[in-house]
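Numbering (the working numbering), first residue to last: 1 to 585. Here a beta-carbon is modelled for each residue, glycine too, at the ideal position from N, C-alpha and C. Structure, as structure tokens:
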Amino acid sequence: MRLSRSFGKTLRQAPADAETASHKYLTRAGFVQQVAAGIYSYLPLGWRSLTKISNIIREEMNRTGAQEVSMPVVQPRELWEQSGRADTFQPPLATLTDRRGRKMIIAPTHEETTTLMVAANLESYRDLPFNLYQIQTKFRDEARPRAGLLRVREFEMKDAYSFDKDEEGLDVSFREMADAYRRIFSRVGIDVRMVEADSGPIGGKDSNEFVLLADSGEDTIFVCSDENCGYAANAEKAEFKKPAAEPEEPRELEEVHTPGIKTIEALAEFVGVPVSKTVKAVFYTPETPSETSAGGEIVFVSIRGDLEVNETKLRNSMGGAELRFATPEEVAAAGIVAGSASAIGLDDENGPRSRARITSIADDSLVDSPNLVAGANRTDYHLKNGNYGRDFSADVVADIAMARAGDACPNDCNGHLVEHRGVEVGHIFKLGTRYSESMGATFIDEDGSEKLAIMGCYGIGIGRLLAATVEANHDDKGMILPRAIAPYEVYLARLNTNDETVVTAADKFYDELVSAGVEVLFDDRDEPPGVKFNDADLIGLPLRVVVSARGLRNGEIELKRRDSDEITMAPLSEGVQAVKVALEG
RNA sequence: CGGGGAGUGGCGCAGCUUGGUAGCGCGCUUCGUUCGGGACGAAGAGGCCCCGGGUUCAAAUCCCGGCUCCCCGACCA
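This is the structure in structure tokens:
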């Protein structure tokens, strides 16, 4: 492609709205144009990159035997009522009404339509397993799109759905997809890690995210410092070995006067114990109060003073209930003394349980920690030597603690958790039978019984992958694109446009490269050298080739890889070969 | 949804406090010069000043209402 004919222009200055590197460079290089918040057009260069990513994904999906389909973006809302997600999907479904008054939605994902398609075509266990995928537009009306293409509302996504006759089959399909994803990201040319993730209320037992490490990423992930261990998980999921408490003989419960002491730090200092010997109490309220409670329901969470609550783990320990912090009024109404509250005495005659419905949850660290300092449930008093089992208990004991950098790895290794920021570019998880049940995807098994198909689903955000790649691969001049997803492989710059021999030689060389199958962006514009070099750096194609009067005096062209400062010369007569070698670099 | 910021040629900005001809840099057009890291000269084109209402002889500027975009947080199958 001749740059003089290529649609789209580079910008010297990025729009003021762009803050992240990928947003700035993709806009300045003329890859994308913002249309509305979180909604973008792709210009030719950007679309070529996106197409390359799509094709890599397509090849690797096909290699696993997955079959490509295409499903509608606009769907009847009834379909979502059938799956039960019409009112529960977050963010809320974008809806529209057609001319007959029928309610339609704009699809944020395609479990419903896939399962519908399968329900009509699946009859026997002999039909299984299979995997259907598509590369399709999705729309999610996010509360807050941000960071250019990293978090958008409308986006291209590869979504795949596997169907198996049993859990063992699902395990195989799941592993196949994980392997395919590793190949995809490796071919794209980026370092993506698979990490354990929370599967959420509807997920099955396994869920993994594929995360590209980048400081601008929204995700926090923890990776074990021991490379042989390999443990990696996102912050919602990450487990760790909690420092064990010194074994002690349980001592007598003892009340202490603690005037004005409200925080764990102050309490620990006042009593003269480390914070890990204290109990912290935190209060939540179910977002949708259960019918039995008539409001006023409190989730009373106890956790060791040195730990923080992980709300995802907490939610899971309660079967996926939506929780929010309780307001001070709600806490007070339950008879809980904020600042001096604890699970000790919850069930006393006039204790909180007598006034409000309370679910008590304790972090498992409390069970083995003896002689803890906790609130006395009356202002300015705390209790020493509280012991789980003897002095208090909980309805649920679970790991509900937030991992932090430096915590010990949960595996049997000597590593500790190292914190990274990252961008989630892929997510795979085991769905189970939730959709096959609601949409009726069943088959007759070998023994003649009707069974539900076991599903998995697997997504890759394509535009986000491009943006994340730029986040991880750029310098202060522009993008440094991996060859596999660069819109072209070579930026051929023709300098000295006033010199007939240069023009002729460059045109001829361009034709040679194209004939040899090299993808070339030919800067044939009548612009000064500085403009061409800067645009070459900005667009970030892997190899820059210069044809100039200076080089031609020796019959040479100049080659420079975008990821290196080294400039090499090669005879023009062997230019095509030199370009191919340099690209392999 | 809470907090903060911003809307003026394609991009970046000034003008608004104190109302009176809409301005600068980049980019764009034409001609000439120049030709290895965003060149120079000359001459041009291009603006419902986010929208609606109000005040005024007169509104980019003052007042009221709304919309949009960005950032932080909440949220993110």
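Worksheet item: Rounded to a whole number of angstroms, what is the C-alpha to C-alpha distance between asparagine 496 and arginine 153?
Response: Sequence index remark: in the first sequence, residue 496 carries index 496 (1-based). Sequence index remark: in the first sequence, residue 153 carries index 153 (1-based). Distance between the alpha carbons of asparagine 496 and arginine 153: 45 Å.
Fill in: Beta-carbon proximity of isoleucine 485 to threonine 469, cut-off 9 Å
Taking the first sequence and counting its residues from 1, one reaches residue 485 at position 485. Taking the first sequence and counting its residues from 1, one reaches residue 469 at position 469. Yes.
Discussion item. Count Cβ pairs between the region 218-232 and the region 403-422 that sit closer than 8 Å; are there 3 or more?
Written reply: Touching, per the Cβ criterion.
Practice prompt. Closer than 8 Å by C-beta to alanine 143: which residues in its own chain qualify, once you throw out the five before and the five after it? Chain order, please.
Written response: Within the first sequence, numbered from 1, the residue matching residue 143 stands at position 143. The answer, listed in chain order, is Pro91.
Worksheet item: Can you list, in chain order, the stretches of the beta strand (DSSP E) that have 3 or more residues and sit fully within the region 305-374?
Response: As far as the region 305-374 is concerned, its whole beta strand (DSSP E) runs of at least 3 residues are 323-325, 358-363.
Discussion item. Let me make sure I understand the geometry here. Which of Phe130, Asn473, Phe210 has the alpha-carbon closest to that of aspartate 537?
Written reply: For the purposes of this step, residue 537 is taken as residue 537 along the first sequence, with counting starting at 1. Out of Phe130, Asn473, Phe210, Asn473 has the C-alpha closest to the C-alpha of aspartate 537.
Worksheet entry | Exposure of glycine 597, with buried meaning 16 or more beta-carbon neighbours within 10 Å | With the chain covering only 1 through 585, there is no way to say anything about residue 597.
Discussion item. Taking contact to mean 3 or more Cβ pairs, one atom from each stretch, closer than 8 Å, check whether the region 256-267 and the region 434-454 are in contact.
Written reply: Contact between the region 256-267 and the region 434-454 is absent, because fewer than three Cβ pairs lie under 8 Å.
Worksheet item: In whole angstroms, what separates the C-alpha of glutamine 34 from that of lysine 24?
Response: Translated into positions along the first sequence, residue 34 becomes position 34. Translated into positions along the first sequence, residue 24 becomes position 24. Each residue's Cα considered, the two are about 11 Å apart.
Worksheet entry | Three-pair Cβ contact test at 8 Å for the region 359-377 versus the region 245-254 | Yes, the region 359-377 is in contact with the region 245-254.
Worksheet item: When DSSP labels each residue in this structure, what does alanine 233 get in the three-state scheme?
Response: As a first step, residue 233 is located in the first sequence; it is residue number 233 there, counting from the start. Residue state, collapsed to three classes: strand.
Practice prompt. Check each candidate in Asp563, Met439, Glu512, Ser564 and name the one with the smallest Cα separation from threonine 114.
Written response: Counted from its first residue, the first sequence places residue 114 at position 114. Among Asp563, Met439, Glu512, Ser564, the Cα nearest to that of threonine 114 belongs to Met439.
Discussion item. Nearest by alpha-carbon distance to leucine 50: which of Phe155, Gly551, Val547, Arg193 is it?
Written reply: The count along the first sequence starts at 1 and reaches residue 50 at position 50. Looking at the Cα atoms, Phe155 is the closest of the given residues.
Discussion item. Methionine 71 and methionine 117 - do their beta-carbons sit closer together than 9 Å?
Written reply: In the first sequence, the residue the question calls residue 117 occupies position 117. In the first sequence, the residue the question calls residue 71 occupies position 71. In this structure, the beta-carbon distance from methionine 117 to methionine 71 falls below 9 Å.
Discussion item. Three Cβ pairs or more, each shorter than 8 Å: is that satisfied between the region 166-185 and the region 424-435?
Written reply: Segments in contact, yes.
Worksheet entry | phenylalanine 89 (DSSP reduced to helix, strand or coil) | Indexing the first sequence from 1 puts residue 89 at position 89. Phenylalanine 89: coil per DSSP, three-state reduction.
Item to complete: Kindly indicate the opening and closing residues of the alpha helix (DSSP H) around alanine 467.
Response: Against the first sequence, residue 467 aligns to sequence position 467. Alanine 467 -> alpha helix (DSSP H) spans 462-472.
Worksheet item: Once you ignore the five residues that flank proline 15 on each side, which residues in its own chain have a CB closer than 7 Å to its CB?
Response: Within the first sequence, residue 15 is the residue found at index 15, counting from 1. Same-chain partners within the cutoff: Thr27.
Worksheet item: Closest by CA to aspartate 565, which one among Lys313, Pro542, Asn228, Asp306?
Response: By 1-based counting over the first sequence, the position of residue 565 is 565. Comparing Cα-Cα distances from aspartate 565 to each of Lys313, Pro542, Asn228, Asp306, the minimum goes to Pro542.
Item to complete: Using three-state DSSP, classify glutamate 574 as helix, strand or coil.
Response: Taking the first sequence and counting its residues from 1, one reaches residue 574 at position 574. Correct three-state label for glutamate 574: helix.
Item to complete: Check the DSSP bridge columns for lysine 103 and list the partner residues they point to.
Response: Walking along the first sequence from the start, residue 103 turns up at place 103. Paired residues: Thr97.
Discussion item. So, at 7 Å on beta carbons, what are the nonlocal neighbours of alanine 516 in its own chain, with the 5 sequence-adjacent residues on each side left out?
Written reply: Here residue 516 is taken as the residue at index 516 of the first sequence, counted from 1. Excluding residues within five positions, the ones whose Cβ falls inside 7 Å are Val576.
Worksheet item: Does the region 337-355 come close enough to the region 382-393 that 3 or more CB-CB pairs lie under 8 Å?
Response: A contact is defined here as three or more CB-CB pairs under 8 Å, and the region 382-393 meets this definition with respect to the region 337-355.
Practice prompt. Starting from the Cα of glutamate 196, find the closest Cα among Pro571, Pro410, Glu558 and give me that residue.
Written response: Numbered from 1 along the first sequence, position 196 holds the residue referred to as residue 196. Among Pro571, Pro410, Glu558, the Cα nearest to that of glutamate 196 is on Pro410.
Discussion item. At the level of alpha carbons, what is the spacing between alanine 398 and arginine 353?
Written reply: For the purposes of this step, residue 398 is taken as residue 398 along the first sequence, with counting starting at 1. For the purposes of this step, residue 353 is taken as residue 353 along the first sequence, with counting starting at 1. About 21 Å.
Fill in: proline 529, DSSP secondary structure in three states
For the purposes of this step, residue 529 is taken as residue 529 along the first sequence, with counting starting at 1. Proline 529 carries a helical assignment under DSSP once its states are collapsed to helix, strand and coil.
Worksheet entry | Limits of the unbroken alpha helix (DSSP H) element including methionine 386 | Looking up residue 386 in the first sequence gives position 386. First, the amino acid is wrong: residue 386 is glycine here, not methionine. It is not in any alpha helix (DSSP H) - glycine 386 instead sits in the beta strand (DSSP E) that spans 381-386.
Worksheet entry | alanine 294, DSSP secondary structure in three states | The residue given as residue 294 occupies position 294 in the first sequence. Caution applies to alanine 294, whose pLDDT of 45 falls short of 50 and renders its modelled position unreliable; the value that the coordinates give is listed next. When DSSP states are grouped into helix, strand and coil, alanine 294 belongs to the coil group.
Worksheet item: Just the Cα atoms here: how many angstroms apart are alanine 94 and isoleucine 105?
Response: Translated into the one-based positions of the first sequence, residue 94 becomes position 94. Translated into the one-based positions of the first sequence, residue 105 becomes position 105. Taking the straight line from one Cα to the other gives about 6 Å.
Discussion item. Beta-carbon within less than 6 Å of serine 290's beta-carbon, same chain only, minus the 5 sequence neighbours each way: which residues are those?
Written reply: Here residue 290 corresponds to residue number 290 of the first sequence, with the count starting at 1. Interpretation of serine 290 is limited by its pLDDT of 47, a score under 50 that renders its predicted location unreliable; no figure is taken from the coordinates.
Discussion item. So the candidates are Glu558, Ile184, Glu81; which of them puts its Cα closest to the Cα of asparagine 55?
Written reply: The sequence position of residue 55 within the first sequence is 55, counting from 1. Measuring C-alpha to C-alpha distances from asparagine 55 to each of Glu558, Ile184, Glu81 identifies Ile184 as the nearest.
Item to complete: Taking only the alpha-carbon atoms, compute the straight-line gap between threonine 10 and valine 490 and give it to the nearest angstrom.
Response: Position 10 of the first sequence holds residue 10. Position 490 of the first sequence holds residue 490. Rounded to whole angstroms, threonine 10 to valine 490 spans 17 Å at the Cα level.
Fill in: Ordered list of alpha helix (DSSP H) runs contained in the region 154-215, each at least 4 residues
Uninterrupted alpha helix (DSSP H) stretches at least 4 residues long and entirely within the region 154-215 occur at 167-188, given in chain order.
Worksheet entry | Contained alpha helix (DSSP H) runs [length at least 4] in the region 500-567, N- to C-terminal order | The alpha helix (DSSP H) runs of length 4 or more contained entirely in the region 500-567 are, from start to end of the chain, 500-515, 529-539, 549-552.
Discussion item. Determine whether the beta carbon atoms of glycine 540 and glycine 217 lie at a separation below 9 Å.
Written reply: In the first sequence, the residue the question calls residue 540 occupies position 540. In the first sequence, the residue the question calls residue 217 occupies position 217. No, Cβ-Cβ distance for glycine 540 and glycine 217 is not below 9 Å.
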